[in-house]
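Under the working numbering, the first residue of the sequence shown carries the number 8, and numbering increases by one thereafter.
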Amino acid sequence: MSKSLAFFRGKIVPSQEANLSISTHALHYGTGVFEGIRGNWNSKHKSMYVFRMKEHYERLLQGCKMLMLDIPYSVMDLCKLLKI
Numbered sequence: 008m009s010k011s012l013a014f015f016r017g018k019i020v021p022s023q024e025a026n027l028s029i030s031t032h033a034l035h036y037g038t039g040v041f042e043g044i045r046g047n048w049n050s051k052h053k054s055m056y057v058f059r060m061k062e063h064y065e066r067l068l069q070g071c072k073m074l075m076l077d078i079p080y081s082v083m084d085l086c087k088l089l090k091i
């Protein structure tokens, strides 16, 4: 079974290390942006093929902008993260 990972404070870490404070605004007030992304596993190449990754991140960052959440990453930065 593969290890669960999270992007937390600028790094990819094991999920159990991605801890938030109980005073986090999103926890108390439900502020957050949610965006679904699809991918298909290719067994032959042992690789995940993500469907319209660039458009996914464009929508995600637009939602963040609407809530005035400052995200210090560009669409291309986020695309590169997913390819790690």
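Positions of the beta carbon are idealized from the N, C-alpha and C atoms, including for glycine. Only a predicted model underlies this, so the values are computations on that prediction, with no experimental measurement involved.
Can you name the start and end residues of the alpha helix (DSSP H) that residue i belongs to?
i, result
"R16", "It is not in any alpha helix (DSSP H) - R16 carries neither H nor E in the DSSP assignment."
"G70", "60–73"
"H35", "32–36"
If you drop the 5 nearest sequence neighbours on each side, which residues of the same chain put their C-beta closer than 6 angstroms to that of residue i?
i, result
"S50", "none"
"I44", "H63"
Is residue i helix, strand or coil when you go by DSSP?
i, result
"V82", "helix"
"S22", "helix"
Leaving aside the five residues before and after residue i along the sequence, list all residues of the same chain whose C-beta is less than 8 angstroms from its C-beta, in chain order.
i, result
"S54", "W48"
Taking the continuous beta strand (DSSP E) assigned at residue i, which residues delimit it?
i, result
"G46", "45–49"
Going along the chain, which residues of its own chain have a beta-carbon closer than 7 angstroms to the beta-carbon of residue i, five neighbours each way excluded?
i, result
"K61", "V82, C86"
"Y56", "G46, N47, N49"
Drop a sphere of 10 angstroms on the beta-carbon of residue i, count the other beta-carbons inside from all chains shown, and report buried for 16 or more, exposed for fewer.
i, result
"Y1", "Lying before the first or after the last residue shown, residue 1 is absent from the chain, which here runs from 8 to 91."
Quiz prompt | Segment contact flag, the region 30–50 with the region 69–80, C-beta cutoff 8 angstroms, min 3 pairs | solution = yes
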